[in-house]
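What follows is a short report on a single structure.
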Amino acid sequence: MIRTFAELDLDQNLIEAIEEMGFERPTQIQADAIPQALDGKDVLASAPTGTGKTAAFALPALQFLQDFPRKKAGPARVLILTPTRELAMQVADQTRALAKNTNLNVFTITGGVMYQDHADILATTQDIVVATPGRLMEYIEAERFDCRAIEWLILDEADRMLDMGFGPVVDRLSAECRWRKQTLLFSATLEGRGVEGFTEDLLKNPVKLEADPSRRERKKITQWYHRADTAAHKLDLLKAILTQAERTIIFVKTRERLAELRGHLESAQVVCAWIQGEMPQDRRNNAITRFRDGDVNVLIATDVAARGIDLPDVSHVINYDMPRTADVYLHRIGRTARAGKKGNAISLVEAHDQSMIERVMRYTKDEIKERYVQGLRPNTKKPVIKKKNKKKVKAAAATISKKQAALKKKKKKNK
Ligand code: ADP
Ligand code: MG
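Numbering that gives the first Met the number 0 applies: residue 0 is where the sequence shown begins, and numbers increase by one.
Right, dumping it as structure tokens:
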């Protein structure tokens, strides 16, 4: 088992950059994926959010470019696709940081940037291009980008790309890059709709790597929940928690709920930023920047808005509304305790949410304990969630239909 970066076949200049970034040892997915990628294999990898997937593909890509240096100037050799512009920026930034002791360059091609700005970039030599699929396709169609030199195709956050409807565009891009040597696909989960079929056409005999979500990297999240008797009680609990928390993301289920909560927090003089789906890009970026720079320490988000965005490190994730599924719960809490740091995930649970929190415990195999805030203990009893016993349910159904049949007979007779 690989425990140190030195054990990976990486050049000294990359090791130095890694040290400067403060990474002490590879995360599990890095230790698993880097040797396989350097061995020339296609890779199909899944690991939870915040476990260092970016470096897991950026490092071997940089090593590859150094092992096989280009002979003459020309177009990009490594193409990284990401679902959103924000992610493209982040992946490019991290790749540049890792490449800082090399001569390799990294460009981005994303929506929201004028063609003009990219024009001179395209005339120069590129080593790595990070792009969003839609925008890149436009470039290819306008003959502003040449895929023929692509040797490595990397898909980041493949599950989200599919969710966002990029499947067909990615297939076309894959065809454009048909001379490539290797394909790497990274995703938070491989379970989502259609990921299986999608990967079949893209990857050749891939090595499948699944970093287990319940290991070291997720263990540092302390999870607990508070029960709330009423909506007002829940709001009081939230306010009490916020006085203790440092940097917090609060998740709500809809835009309406977000607006409501924003109003409540504003009247309580809690300064917050917020993001929701269907928000103009610049306003969304603005909110994220304010949060990232520490101008505000509370960010309210809907799941839709948070998708595809790598939010900065947070100390607390609060489920003000419980998520719809246990999977979404994991996505949400993955926003805290990134790569080795500690984090807290708190759920506020009303009576009707009790079954959900219990389902989350079964799904994650984590124990989530109930805690209390002084002066805000719930008055109601914890609802007992009965597991439906299939046999009993069936038996009950059978009795009912028998009774109904008997009743029908009776009615007939009486006529
Ligand atoms: P993912 O793509 O899996 O969600 P990222 O690649 O965005 O995760 O990494 C999350 C954070 O962890 C980043 O801030 C990154 O700099 C940091 N990180 C990555 N690898 C390591 C490591 N080996 N040790 C410490 N921190 C790391
Ligand atoms: Mg990532």
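By construction, the Cβ of each residue, glycine as well, lies at the ideal position given by its N, Cα and C atoms.
Keep in mind the model is a prediction, meaning the values are calculated, not measured.
- Note on geometry: alpha-carbon atoms of T107 and I127 lie some 9 Å from one another.
- Comparing alpha-carbon positions, the option among A157, Y224, P167 lying closest to E190 turns out to be A157.
- Per DSSP, the beta-bridge partners of F250 are A300, N318.
- Bounds of the beta strand (DSSP E) holding Y224 are 220-226.
- Straight-line spacing of the CA atoms in A57 and I1 works out to 18 Å.
- L234 sits away from I153, with the two beta carbons spaced by 8 Å or more.
- Of all C-beta pairs linking the segment 194-202 to the segment 13-20, fewer than three are shorter than 8 Å, placing the two stretches out of contact.
- The three-state secondary structure of G73, taken from DSSP, is coil.
- Ligand 2 never approaches D162 closely enough for any of its heavy atoms to be under 7 Å from the residue's Cβ.
- In this structure, E349 is the residue among E349, I274, A32 with its C-alpha nearest to the C-alpha of A227.
- At least one heavy atom of ligand 1 lies closer than 7 Å to the C-beta of T50.
- In the structure shown, the three-state DSSP call for T81 is coil.
- Distance from G293 to S314 at the Cβ level is roughly 12 Å; contact not present, criterion being Cβ atoms closer than 8 Å.
- Counting only runs that start and end inside the segment 87-152, the alpha helix (DSSP H) elements of at least 4 residues fall at 114-122, 132-140.
- A272 sits in a strand when the DSSP states are folded into three classes.
- Just measuring C-alpha positions, the residue of A55, D155, L236 sitting nearest H225 is L236.
- Residue side-chain check: D92 keeps its Cβ at 7 Å or more from all non-hydrogen atoms of ligand 2.
- Minimum Cα-Cα distance from Y362 among the listed residues I220, L103, V327 corresponds to V327.
- Within the same chain, Cβ atoms closer than 6 Å to the Cβ of L64 are found at L103, D126, the five residues on either side in sequence being excluded.
- Proximity to V297 across A325, L172, L264 peaks at L264, based on C-alpha coordinates.
- Closest option to I240, judged by alpha-carbon separation, among V269, N12, G110, T253: V269.
- Rounded to the nearest angstrom, the gap between the Cα atoms of T81 and K52 is 12 Å.
- No heavy atom of ligand 2 is found nearer than 7 Å to the CB of D31.
- Contact check for D162 against F185 fails: the beta carbons are separated by 8 Å or more.
- With contact defined as three or more Cβ pairs closer than 8 Å, the segment 241-255 and the segment 315-323 are in contact.
- Relative to ligand 2, the nearest heavy atom lies less than 7 Å away from the CB of E156.
- Within the segment 8-77, the complete alpha helix (DSSP H) runs of at least 4 residues fall at 11-19, 27-37, 52-66.
- Under DSSP, E369 forms a beta bridge with Y224.
- Collapsing the DSSP output to three states places I287 in a helix.
- For E209, the uninterrupted beta strand (DSSP E) run begins and ends at 206-209, by DSSP.
- Under the three-state reduction of DSSP output, V295 falls in the coil class, being neither helix nor strand.
- Per DSSP, the unbroken alpha helix (DSSP H) holding G196 starts and ends at 194-201.
- Judged by their CB atoms, L183 and D66 are not nearer to each other than the 8 Å cut-off.
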